[in-house]
Every structure is written in C-alpha cells, then in structure tokens.
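Positions in the sequence shown are counted from 1; adding 14 to them yields this note's numbering.
Glycine is no exception: its CB is placed at the ideal position from the N, C-alpha and C atoms.
Only a predicted model underlies this, so the values are computations on that prediction, with no experimental measurement involved.
Reading through the structure tokens given below for one structure.
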Amino acid sequence: MSDIHIVRNHLLTSRHDAKPFGVDWFFKPDGQAKPLVVFVHGFNAFKDWGHFNLVAEAFAQAGFFFVKFNLSHNGTSPEHPTEFVDLEAYGNDKFSTDLDDIGLVLDFILDHHLSMRQNAMLPNYAWWAIAGVVPWPS
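Below is the structure:
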C-alpha cells in the first residue's frame with residue numbers, strides 16, 4: 015500500500031477537559047478529490063483496534079479519503095492509543111462528549127487542514143452508520 019499517504023495521530027484537543035486525542039487519515043495523493051469517509055469507532059474501542067487500519071487502507075486504495083480517530087474519553091491517550099490507561103476519563107465519558115469530538119473532527123476537516131481540503135470532496139458527504147453486535151463468549 016505504498017501509494018497511500020497516511021498521517022497518524024495528529025492531535026486535536028477536546029472541548030471537554032482539554033483532553034488531546036489522535037486523528038489519522040489515509041488517501042491516495044493523485045490530485046483527485048475523493049469521497050470522504052469519517053470512521054467513528056464504537057463503545058469500548060479505539061481507532062487502531064483490530065482490523066481498523068486494514069479497513070482504512072482498503073477504503074483509501076478504493077479511492078476514498080478515510081479519517082479515523084479516538085474519542086477523547088474512550089480511555090486511551092495519545093501516548094498509548096491502543097491501551098486503556100485513562101480510566102478516569104473513560105468513567106466520565108458521555109454521549110454528548112463523543113458528539114462534540116465528532117463535531118471537532120468535522121470542523122477540522124472542513125475548515126482547517128489543507129491536505130484534506132485539496133484531496134477530499136468537501137462539503138459533499140453522506141451520513142452512514144454501521145453497527146455490529148458480537149455475542150459475549152460464554
């Protein structure tokens with residue numbers, strides 16, 4: 015996947031408790047504007063969990079501009095993006111905090127970052143949601 019440009023752990027700061035969180039983006043730098051995918055991990059997850067990097071690379075390879083990020087109060091930190099090290103933040107997480115984080119990422123994409131503005135189709139976007147349920151092992 016060497017033709018994919020990847021930026022990892024660009025830090026944004028949450029409006030709640032000023033907690034930093036990492037944002038990644040993946041795209042082919044071919045000069046063409048691409049449809050934008052903003053991936054939000056679910057509860058008890060993080061942006062680099064399991065197959066999420068493979069999903070990001072597959073979307074980028076297919077011609078999308080793919081953004082994924084950790085929610086600020088999901089229990090991880092920028093220094094430990096794949097480990098639950100901030101249990102206090104995790105315990106204080108609220109749906110409204112997650113919504114604000116999503117809004118902050120969308121504002122960042124739409125207003126601030128040059129490589130995103132040049133390589134993603136903005137503001138043309140659609141809202142999709144994919145949810146999954148896995149049974150708890152007995």
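(message) By alpha-carbon positions, which one of 99, 106, 86 ends up nearest to residue 29?
(response) 86
(request) Below 6 angstroms CB to CB, which residues in the same chain sit around residue 91 once its five sequence neighbours on both sides are set aside? (result) 99, 100
(request) Just tell me which of 42, 93, 94 has its CA closest to the CA of residue 75. (result) 42
(request) Locate the alpha helix (DSSP H) running through residue 114, then write down its first and last residues. (result) Going by DSSP, residue 114 is part of the alpha helix (DSSP H) stretching over 109-121.
(message) Please report the straight-line C-alpha distance between residue 33 and residue 27, rounded to a whole angstrom.
(response) 5 angstroms
(request) Determine the contact status of residue 116 and residue 54, defining contact as a CB-CB distance below 8 angstroms. (result) yes
(request) Would you kindly check if the distance between the Cβ of residue 96 and the Cβ of residue 62 is under 8 angstroms? (result) Their beta carbons are under 8 angstroms apart, which means residue 62 touches residue 96 by this criterion.
(request) Assign residue 78 to one of three DSSP states: helix, strand, or coil. (result) coil
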